[in-house]
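Numbering of the sequence shown is given in the numbering used here, commencing with residue 1303 and proceeding in unit increments.
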Amino acid sequence: LNVSVFSPQSGQSQISFSSKKSGLDFRLKNIEDTNGTLLTALGLNTGTERTQYSQSENTSGFMYHDISTNNNQLNAKFLFNGMQIQRNSNVFDDLINGIEFNLRSVMTETDAEVTITLENDFSPIKNSIEEFVKKFNEVYTYLRENSRGGTNRGVFMGDASANSVLSMLNSAIFREIDGIADKNLNSLAKLGLSFDYNTGLKIDSERLENNLKNNLSSVEAIFNSSLGIAKTLHDSINPYLGVNGFLATSRNSLNNTIKSLNDRITSTQKRIDKSADTLRKQYQQMQIQLAEMLSMQSFFMGGFNQGGGFF
């Protein structure tokens, strides 16, 4: 309920009540108070009768007192395909499925009839398919490029999970989907999506648009049926996802292997360092011994040269 107080002229005040929602179904049915004195004191002595407001006589009442089907001024009224229609609001979407009407102004009898032509807008569906193709190709090309062998060996080379996902993506493209009445349109290839082994999916826009216009139910079934691409891909990929999925398990296994190898490397390095330290000390000792031997050799050689010999 909306309530407002205003002064229509100096020295006078009036109060107005109105429903927050428009239309006959949301009308104020009556205005009353429990003891019957407050509304009278305010001049709102309408009781339970739907009397009409009169500004010239300064009496309270309803602005729109007639609530009959034909004459009420609360509803939006219009003629649609020869039928008289009423709605609570100027904006409504329950007349034609998927279409919203917005009545802008009141038409006069001399105004020309409005003809509405409806056409299916397939752009949202096509955009969704294009987005699907984009995401599919991103996954496919990433896995394929990183699964290469040879000199530029990919990180997924020989990885069972990557090979399994690649195989699943390949089979999904060419697989014919059971349960679709039109056998001529029961796969992505027949829908208008060609496949390149190197780059993934590619859309034949003309063929896709033709199928959307003429075989929309089959197009929908290709993606959304119980055996369709969407559910098939979801059911196939889902086991790889999550904390307990194949990818997480594989990652944990690789992390454990890396940790084990790092531990072995650290242990081996410690043994090498210890052996190197031992050899280094032995080498230093040998250097000392060699220096002593050279010193003694010099001593003996010097004595022999000066005395002509030793006795």
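Ideal Cβ placement from N, Cα and C applies to all residues, glycine included.
Fair warning: this is a prediction, and the values are worked out from it, not measured in the lab.
By the three-class DSSP mapping on this structure, what secondary structure does residue i have?
i, result
"phenylalanine 1613", "Low confidence applies to phenylalanine 1613: its pLDDT is 46, below 50, so where it sits in the model is not reliable, and the reading given next is rough at best. Phenylalanine 1613: coil per DSSP, three-state reduction."
"asparagine 1429", "helix"
"phenylalanine 1424", "coil"
"aspartate 1396", "strand"
"asparagine 1557", "helix"
"glutamate 1402", "strand"
"arginine 1446", "helix"
"methionine 1459", "coil"
"glycine 1481", "coil"
"methionine 1595", "helix"
"arginine 1329", "coil"
"leucine 1468", "helix"
"tyrosine 1366", "coil"
"asparagine 1486", "helix"
"serine 1321", "coil"
"valine 1441", "helix"
"phenylalanine 1601", "helix"
"threonine 1342", "helix"
"alanine 1491", "helix"
"glutamine 1375", "coil"
"alanine 1414", "coil"
From the DSSP output, read off the bridge partner residues of residue i.
i, result
"methionine 1385", "Phe1382"
"glutamine 1316", "Phe1308"
"aspartate 1498", "Gly1502"
"serine 1356", "Thr1361"
"asparagine 1454", "None; asparagine 1454 has no bridge partner."
"phenylalanine 1476", "Partner(s): none; phenylalanine 1476 has no beta bridge."
Can the beta-carbon of residue i be found closer than 8 Å to that of residue j?
i, j, result
"valine 1305", "phenylalanine 1319", "yes"
"phenylalanine 1645", "glutamine 1354", "This structure cannot settle anything about residue 1645, because the visible part of the chain is limited to 1303 through 1613."
"leucine 1346", "serine 1362", "yes"
"leucine 1468", "leucine 1445", "yes"
"isoleucine 1427", "alanine 1474", "no"
"serine 1449", "asparagine 1465", "yes"
"leucine 1420", "asparagine 1377", "no"
"serine 1391", "serine 1324", "yes"
"serine 1315", "leucine 1303", "no"
"valine 1521", "asparagine 1512", "no"
"glycine 1456", "glutamate 1447", "yes"
"glutamate 1402", "valine 1416", "no"
"threonine 1501", "threonine 1453", "no"
"leucine 1344", "isoleucine 1317", "yes"
*Do the region 1513-1520 and the region 1487-1498 meet, that is, are 3 or more Cβ pairs less than 8 Å apart?*
yes
Quick check: the region 1504-1515 against the region 1533-1551, are there 3 or more CB pairs under 8 Å? no
With a threshold of 8 Å, are at least 3 pairs of Cβ atoms found where one atom belongs to the region 1476-1483 and the other to the region 1525-1532? yes
| said: Runs of 4 residues minimum, wholly inside the region 1499-1546: which ones carry the alpha helix (DSSP H) assignment? | reply: 1507-1516, 1518-1526, 1531-1539
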